[in-house]
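First to last, the sequence lines map onto chains P and U. Read in my numbering, the first sequence has 119 at position 119, and its numbers run on one by one without any break. Every position in the second sequence, counted from 1, becomes a number in my numbering once 147 is added. We put the CB at the ideal spot given by N, CA and C, even for glycine. Beneath this line is the structure, given in structure tokens, with notes to follow.
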Amino acid sequence: MCSPSRRVVMFRLESGWNIERGSFTMPAGDRPFPIPNLAQARQKSSMAHQILVKFKEQGLEENYDEDLAKLCTDLGDLWSSQLVFTERLGDFLDIEIAQDDTWNKFGDCLADLCSELEHMAWHIQSVKDPIERIAQRSYSADDQNPS
Amino acid sequence: MSPISNDSQEIHSDHRDALYSRIVQNNVARIEEHLEAMQRDPHGLEFAPWKKEVDEIWKSSFERINQMGEYSQRSILESIRETWVHYITHYGAVDVQS
């Protein structure tokens, strides 16, 4: 029987996600300073662009460009953040208890989770207006062209 | 250690500094990831929102650093100096709404 954190990782792999693991995501027993995961950043960028292209191919007007720019970057970042958050939680569950540095590792993991939550909160706030405006525009187009 | 009084418990300033330091380090790693994402297409629609977010992350990071002790400030400022100088050199002034 595998640990909860292992199950999280297995679930993600079964789902087809394959994040390149930087040293930031090393097992919690050997945690260096956070370093950027550039492969993850490129995946996030690609996801944001796919969202943008989808709307452009559907013919979303240019006057929605500002909303669309925010929408695709916010959703891309949230998609990426939830993957990272899952990984950080797995790191926390992997920490061995009752070791000399267990509390320090707890502190690092909680700081990492806190940081990720702040990032997600920023995007959740940022996406609210653009997603509502583009959703309303989507419904209005459907009214004009009932299938 | 100088304790800082909180509603229900005392928080030692160096413990707070450890937390803020880690969060700032995470922020700087995130900034580098965003800069990588922005490289995909500097003329694309996605560039401006990510630039704005990076500016906001810098602002919040420096606000945290301002609340840290003097020794911790020196240490964290030194650790982020290279990324900050690179950013200011290549992306210009930080633009944040007050």
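One Cα belongs to F33 (chain P), the other to E183 (chain U), and the distance between them is close to 19 angstroms. Under the Cβ distance rule, R177 (chain U) counts among the residues neighbouring chain P, one pair being separated by less than 8 angstroms. In the DSSP assignment, P196 (chain U) falls within the unbroken alpha helix (DSSP H) covering 194-213. Put simply, the CB of S45 (chain P) is near chain U, with a gap under 8 angstroms to one of its CB atoms. Its chain contains L68, C72 as the residues whose beta carbon lies nearer than 7 angstroms to that of L52 (chain P), once the 5 sequence neighbours on both sides are disregarded; these appear in chain order.
For R42 (chain P), a Cβ of chain U is located within less than 8 angstroms of the residue's own Cβ. Under the Cβ distance rule, I95 (chain P) does not count among the residues neighbouring chain U, no pair being separated by less than 8 angstroms. Here N174 (chain U) carries a helix assignment [DSSP, helix/strand/coil]. For the 8 angstroms CB-CB criterion, I170 (chain U) and A111 (chain P) form a contact. Three or more beta-carbon pairs drawn from the segment 189-205 of chain U and the segment 39-53 of chain P are found closer than 8 angstroms, and the two stretches are therefore classed as touching.
Look at the segment 59-91 of chain P: the residues with a C-beta under 7 angstroms from a C-beta of chain U are D65, L68, A69, K70, C72, T73. Using beta-carbon distances, F33 (chain P) counts as an interface residue toward chain U, with a partner under 8 angstroms. Of U:K198, U:Q172, U:A165, the smallest CA-CA separation from H181 (chain U) is found for U:K198. Counting every other CB atom within 10 Å of its CB across the protein chains shown gives V201 (chain U) a total of 16 or more, marking it as buried.
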